[in-house]
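Visitor:
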Ligand SMILES: *[C@@H]1O[C@H](CO)[C@@H](O)[C@H](O)[C@H]1NC(C)=O
Ligand SMILES: [Zn+2]
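Numbering (the working numbering), first residue to last: 2 to 492.
Pasting the structure below:
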């Protein structure tokens, strides 16, 4: 279980209006908050027990839980979507609060086949239920991560810097001037109403704050006063209402994903969409996207977000480089990468993948030990006389005898039905016909739409803020009334 370590965090409270003025904290606390940006969206759903409250994300997650594994390339694909790894898992091991230790167990899975153990090259994988790349048996033997990430000088930020943080999670270097400007913004004139409160911040508090950062503009106040209903204060965050900028003309025609929407022609209410495996791969991949990358793709239009997590993102972007361990660590927050083998190559929103890692053990060898009916791997002098052994990561998506380098999770020639809030099932004409409609069937029309980069951004945004993902992405509100769908009338 998670260790019980905690961080002492000082809150400055306005006792009159029951709100947090700011928080004064060292690097350990800021590291925990910034680590939120490295979490894949699927991990956030997992951590918050499928109650992230983000748009239709919980529902998408549940649809993957329910999906028959027969539609996936390998069983491990489901694990990759429901328990995605983070490319920053290694760094996050050094966080003071181990709130994510259960997400990324420090384990590797390897093969125990005696033939494989005797080889000089050996496969490992982070996902369980992966077949060995040489013998095809299930790799079910557990090995601890070799080595340890350096824990010199904080995790992401410079551990000699002190920070302050506003109620809506803007982070800045601690300075008198910064403190004063927050006072000014909150119109605090009388210091006698202020009170200091010290809070022991541990795993439970980290998860609580993660959730509030996603759904509230006053995350720290609601964290301190869970019963208080916060009145909307003056709009302090700079919300820009820019229209979505069109994709950077990197559209590759062969990557086009097409789906067919069935909708009410009067109000564009989407009944469901008929999609193929390419759309599912596109959509499911969002579960593997780290929050920081998702916010990066949407940073031109954050106005629909209820939470204040994007302020954390903008702070990481604008803070002086003295505040970070180095720019490499800042990039881990602003443009976090996918772990090796996670990328779906046809995705319109491209995320880089870290290369797969090899490591070498010398003078020792992994041995399979059986004790009390339980097998485990022990590193010991090698009985096969092999002194150097190379471990290479196996692609968990690769199924025996199937060539595919698209990085797809789903492999199915079937069509699927997707409801507007992302319930997903294989297409069944009977259930399609029995879908409850609150409008006359004569108003039902069919419309083909394709997804380019801009639409992909709209879908990601709608996924995080809306219960009507398809309708909001393809028929955004402001122009909804004017727009008339030129679909094919069905009746
Ligand atoms: C960390 O901050 C100190 C000042 O507080 C500065 O001297 C040092 O250069 C910083 N380290 C990095 C890596 O920027
Ligand atoms: Zn094997």
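Note that the Cβ used here is the ideal one computed from N, Cα and C, for glycine as well.
Run the CB neighbour count on residue 301, radius 10 Å, all protein chains shown included, and call it buried at 16 or more, exposed below.
Guide: exposed
Visitor: Measuring only from the beta carbon, is residue 135 closer than 7 Å to any heavy atom that is part of ligand 2?
Guide: Because some heavy atom of ligand 2 lies under 7 Å away, the Cβ of residue 135 counts as near it: yes.
Visitor: For ligand 2, any of its heavy atoms closer than 7 Å to the Cβ of residue 396?
Guide: Distances taken from the Cβ of residue 396 to the heavy atoms of ligand 2 include none shorter than 7 Å.
Visitor: Give every residue of the same chain whose Cβ lies closer than 7 Å to the Cβ of residue 31, excluding the five residues on either side of it in the sequence, and list them in chain order.
Guide: 158, 164 and 172
Visitor: If I follow the unbroken alpha helix (DSSP H) through residue 34, where does it start and stop?
Guide: 28 to 36
Visitor: Using a threshold of 8 Å, state whether the C-beta atoms of residue 274 and residue 261 are closer than that.
Guide: yes
Visitor: Which runs of the beta strand (DSSP E) fall wholly inside the stretch 86 to 147 and span at least 3 residues, in chain order?
Guide: Every beta strand (DSSP E) stretch that sits fully inside the stretch 86 to 147 and reaches 3 residues is listed by chain position as 108 to 111, 122 to 126 and 142 to 145.
Visitor: Is the separation between the beta-carbon of residue 141 and that of residue 221 shorter than 8 Å?
Guide: no
Visitor: For residue 14, which residues from the same chain have a beta carbon less than 8 Å from its beta carbon, with the 5 sequence-adjacent residues on both sides left out?
Guide: 20, 21, 22, 195, 196, 197, 198 and 225
Visitor: Per DSSP, residue 274 forms a beta bridge with which residues?
Guide: 262 and 419
Visitor: Give a single yes or no on whether residue 159 has its beta carbon closer than 7 Å to a heavy atom of ligand 1.
Guide: yes
Visitor: Judging by CA-CA distance, which residue of 6, 26 and 36 is the nearest neighbour of residue 317?
Guide: Checked all of 6, 26 and 36; the closest Cα to residue 317 is 36.
Visitor: By the three-class DSSP mapping on this structure, what secondary structure does residue 66 have?
Guide: helix
Visitor: Please classify residue 239 as buried or exposed, where buried requires at least 16 other C-beta atoms within 10 Å of its C-beta.
Guide: Caution applies to residue 239, whose pLDDT of 38 falls short of 50 and renders its modelled position unreliable; the value that the coordinates give is listed next. So residue 239 counts as exposed.
Visitor: Considering Cα atoms alone, identify which of 82, 98 and 53 is closest to residue 286.
Guide: 82
Visitor: Residue 400 and residue 418 look like a contact to me (Cβ under 8 Å); what is the Cβ gap, rounded to whole Å?
Guide: Going by Cβ atoms, the distance from residue 400 to residue 418 rounds to 25 Å, so no, they are not a contact pair.
Visitor: So, is residue 267 buried or exposed, given that buried needs 16 or more other C-beta atoms within 10 angstroms?
Guide: exposed
Visitor: Below 8 Å on the Cβ atoms is my contact criterion, and I expect residue 38 with residue 334 to pass it. Report the Cβ-Cβ distance as a whole number of Å.
Guide: 4 Å
Visitor: Taking the alpha helix (DSSP H) that residue 462 falls in, what are its first and last residues?
Guide: 454 to 466
Visitor: How many angstroms separate the CA atom of residue 170 from the CA atom of residue 464?
Guide: Computed Cα separation, rounded: 23 Å.
Visitor: Residue 41 and residue 87: beta carbons closer than 8 Å?
Guide: For residue 41 and residue 87, yes; Cβs fall inside 8 Å.
Visitor: Mark residue 457 as exposed unless 16 or more other C-beta atoms lie within 10 angstroms of its C-beta, in which case mark it buried.
Guide: buried
Visitor: In the DSSP output, which residue or residues are listed as bridge partners for residue 174?
Guide: The secondary-structure analysis by DSSP pairs residue 174 across a beta bridge with 164.
Visitor: Give me, in chain order, the residues of the same chain whose beta-carbon lies closer than 8 Å to that of residue 44; leave out the 5 immediate sequence neighbours on both sides.
Guide: 84, 85, 87, 101 and 104
Visitor: In terms of alpha-carbon separation, which member of 447, 12, 310 and 343 lies closest to residue 128?
Guide: 343
Visitor: Have a look at residue 1 and residue 314 and give me their C-alpha separation to the nearest angstrom.
Guide: For residue 1 there is no data in the structure shown, the boundaries of the chain being 2 and 492.
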